[in-house]
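Take a look at the structure set out below.
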Amino acid sequence: MKPTNLARYMSRYMTEYLPGIRGFSNNTISSKRDSYMLLFSYLKDVRNLNPDHVEIPELNKDVILAYLDWLERERNSSVATRNIRLAAIKSFFAYVQMQTPDYIYQCQQIRSIPRKKEAEHPLEYLTIEGVKAVLDAVDTTSRSGFRDLVLLSLIYDSAARVQEIADLCVEDFRQEKPSTLRLTGKGSKTRIIPLMDKTAQFVRQYINICHADYKKEHRVPLFSNRNKKKLTRAGITYILDKYVAVARQNNPSIIPETVSPHGLRHSKSMHMLQAGVPLIYIRDYLGHSEISTTEIYARCNSEQKRKAIEAVCPDVIKLEVPMWQTDNSLMEWLQSL
1 MKPTNLARYM SRYMTEYLPG IRGFSNNTIS SKRDSYMLLF SYLKDVRNLN
51 PDHVEIPELN KDVILAYLDW LERERNSSVA TRNIRLAAIK SFFAYVQMQT
101 PDYIYQCQQI RSIPRKKEAE HPLEYLTIEG VKAVLDAVDT TSRSGFRDLV
151 LLSLIYDSAA RVQEIADLCV EDFRQEKPST LRLTGKGSKT RIIPLMDKTA
201 QFVRQYINIC HADYKKEHRV PLFSNRNKKK LTRAGITYIL DKYVAVARQN
251 NPSIIPETVS PHGLRHSKSM HMLQAGVPLI YIRDYLGHSE ISTTEIYARC
301 NSEQKRKAIE AVCPDVIKLE VPMWQTDNSL MEWLQSL
């Protein structure tokens with residue numbers, strides 16, 4: 001069977017352009033692959049088009065719009081998910097446009113499809129007491145319990161993304177003081193994070209217990225499951241959920257409805273902001289490329305706003321009770337009118 005032009009460009013895009021030219025990580029490429037597989041499923045199941053025979057001209061703007069509508073209506077995808085799928089499609093057609101002028105008008109039409117506005121959700125984060133409650137819920141009498149305590153402490157202290165924690169290897173932790181953690185984030189960018197002494201002590205003890213036979217010439221996952229495989233994002237979320245449930249039962253008033261590994265990242269960021277750490281340092285700590293991304297924490301921190309306003313605004317409000325309020329005879333006369 002002769003390959004279609006869609007198959008030819010898609011193959012080069014996935015195997016050469018994304019990893020070789022753009023340097024995208026495996027996780028990013030996997031996310032885009034999932035989007036294209038879902039598009040092909042739509043073409044086959046809804047439009048009765050065999051993906052093996054589909055040519056690029058058949059994927060016009062109307063087809064893509066119908067696909068996006070199908071995601072929301074039939075699959076109950078959120079607006080955020082719809083926008084992620086659209087971004088993946090735009091990325092592919094931007095590549096096609098660079099490779100050949102034959103489909104430039106079609107590519108520009110698809111790339112002009114606007115993102116749908118997402119509803120703003122409140123930033124979920126734990127107070128310091130909430131973080132302590134979750135960590136206190138961990139039973140450290142078992143080996144796996146101690147691993148879980150180190151894992152959750154490190155997620156919070158480093159404000160790392162869950163995939164960055166899953167990808168950690170033993171050698172990414174610097175045991176000598178001052179202890180640091182090397183994280184590899186989006187776009188394979190690496191950053192060095194300082195750790196608090198107590199967290200670093202936990203990690204040292206954990207490595208001595210669980211990686212006693214570690215040899216530097218091998219990259220060994222810092223956190224692994226019972227099969228000696230590195231923990232996945234789903235596995236880390238499962239571990240957190242388990243202790244959040246216990247903490248919520250013990251302290252329901254300080255544990256929000258939703259607590260995720262990314263919520264621990266938000267929590268650390270908010271706590272640094274409340275402690276007076278400048279946004280530019282928080283940006284570097286989190287691995288944000290733009291300070292505007294980090295500013296979301298400043299916008300959400302109403303207590304910080306209140307203190308900032310009180311610090312610069314003069315006190316012009318009088319709290320004295322008016323004389324007529326305290327004069328009983330005058331009050332009686334007013335009420336008789």
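Residue numbers for the sequence shown follow full-length UniProt numbering, beginning at 1 and rising by one. Glycine included, every Cβ here is placed at the ideal spot set by N, Cα and C.
Euclidean distance between Cα positions of residue i and residue j
{"i": "P19", "j": "D52", "result": "24 Å"}
{"i": "F92", "j": "Q106", "result": "12 Å"}
{"i": "R230", "j": "I104", "result": "This sequence places Lys at residue 230; Arg is not what is there. If I take the Cα positions, the gap works out to 44 Å."}
{"i": "A245", "j": "V96", "result": "48 Å"}
{"i": "W324", "j": "E129", "result": "At W324, the pLDDT of 49 sits below 50, so the modelled position is not reliable; the number obtained from the coordinates is stated separately. For W324 and E129, the distance between alpha carbons rounds to 46 Å."}
{"i": "R115", "j": "I84", "result": "9 Å"}
{"i": "Y67", "j": "I56", "result": "15 Å"}
{"i": "H262", "j": "E164", "result": "11 Å"}
{"i": "H288", "j": "K268", "result": "15 Å"}
{"i": "I113", "j": "Y42", "result": "19 Å"}
{"i": "T141", "j": "Y243", "result": "15 Å"}
{"i": "Y13", "j": "L6", "result": "10 Å"}
{"i": "A166", "j": "P122", "result": "26 Å"}
{"i": "E171", "j": "N225", "result": "18 Å"}
{"i": "R73", "j": "T81", "result": "13 Å"}
{"i": "K2", "j": "F40", "result": "18 Å"}
{"i": "T180", "j": "T199", "result": "10 Å"}
{"i": "N50", "j": "T4", "result": "11 Å"}
{"i": "residue 349", "j": "I282", "result": "Because the chain here runs from 1 to 337, residue 349 falls outside it and cannot be looked at."}
{"i": "A234", "j": "S260", "result": "11 Å"}
{"i": "I255", "j": "T127", "result": "8 Å"}
{"i": "P101", "j": "R8", "result": "16 Å"}
{"i": "L195", "j": "H266", "result": "17 Å"}
{"i": "I236", "j": "T28", "result": "19 Å"}
{"i": "V298", "j": "L59", "result": "Residue identity check: residue 298 is Ala in the sequence provided, not Val. For A298 and L59, the distance between alpha carbons rounds to 42 Å."}
{"i": "residue 359", "j": "M10", "result": "Residue 359 is absent from the structure shown; the chain starts at 1 and stops at 337."}
{"i": "A94", "j": "R111", "result": "7 Å"}
{"i": "R161", "j": "N251", "result": "26 Å"}
{"i": "E257", "j": "N48", "result": "42 Å"}
Limits of the alpha helix (DSSP H) - the one that residue i falls within
{"i": "T28", "result": "26-45"}
{"i": "T81", "result": "79-99"}
{"i": "G263", "result": "261-274"}
{"i": "Y9", "result": "5-12"}
{"i": "V131", "result": "128-136"}
{"i": "K117", "result": "Here K117 belongs to no alpha helix (DSSP H), and DSSP marks it neither H nor E."}
{"i": "Y125", "result": "Looking at the DSSP string, Y125 is not in any alpha helix (DSSP H), and its letter there is neither H nor E."}
{"i": "L68", "result": "61-73"}
{"i": "N282", "result": "The question names Asn, yet the displayed sequence has Ile at residue 282. Element bounds for I282: 279-286."}
Interface flag, residue i vs chain B, CB-CB below 8 Å
{"i": "I89", "result": "This model lacks chain B altogether; it includes just one protein chain."}
Option nearest residue i by Cα separation, candidates the options
{"i": "D197", "options": "S153, P122, S31, I282", "result": "S153"}
{"i": "Q201", "options": "K230, I280, F146", "result": "F146"}
{"i": "Y156", "options": "S11, L264, E118, Y206", "result": "L264"}
{"i": "N208", "options": "S289, R143, P3, L195", "result": "R143"}
{"i": "S78", "options": "I110, A119, H288, I64", "result": "A119"}
{"i": "F173", "options": "H288, L49, S158, Q99", "result": "S158"}
{"i": "residue 338", "options": "S30, T190, D136", "result": "No statement about residue 338 is possible, as the shown extent of the chain runs from 1 to 337 and does not include it."}
{"i": "K90", "options": "K61, D69, L279", "result": "K61"}
{"i": "residue 381", "options": "L86, S292, R204, R248", "result": "Only positions 1 to 337 of the chain appear in this structure, which leaves residue 381 out of reach."}
{"i": "D139", "options": "N5, L240, R111", "result": "L240"}
{"i": "Y17", "options": "R182, T258, E257, M98", "result": "M98"}
{"i": "I192", "options": "T237, L286, G235", "result": "L286"}
{"i": "H211", "options": "T199, K228, L195", "result": "K228"}
{"i": "V150", "options": "V162, L135, R161", "result": "L135"}
{"i": "N26", "options": "G187, I280, H266, P194", "result": "G187"}
{"i": "C169", "options": "E124, D148, I110, L183", "result": "L183"}
{"i": "I296", "options": "E124, E257, P221", "result": "E124"}
{"i": "R248", "options": "A137, V277, I291", "result": "A137"}
{"i": "Q109", "options": "Y238, V131, L86", "result": "L86"}
{"i": "S35", "options": "E58, P252, I64, S292", "result": "I64"}
{"i": "W70", "options": "V46, M270, L222", "result": "V46"}
{"i": "G185", "options": "T15, N76, F24", "result": "F24"}
{"i": "S30", "options": "I21, K44, T15", "result": "T15"}
Bridge partners - residue i, DSSP secondary structure assignment
{"i": "L154", "result": "Looking at the DSSP assignment, L154 forms no beta bridge with any residue, so it has no partner."}
{"i": "K230", "result": "S224"}
Residue i: CB within 7 Å of a non-hydrogen atom of the ligand ZN
{"i": "Y17", "result": "This structure does not include the ligand ZN; it has no bound ligands of any sort."}
### Task
Write down every uninterrupted run of the beta strand (DSSP E) in the segment 159-227 whose length is 3 residues or greater and which is fully enclosed by it, in chain order.
180-184, 190-194
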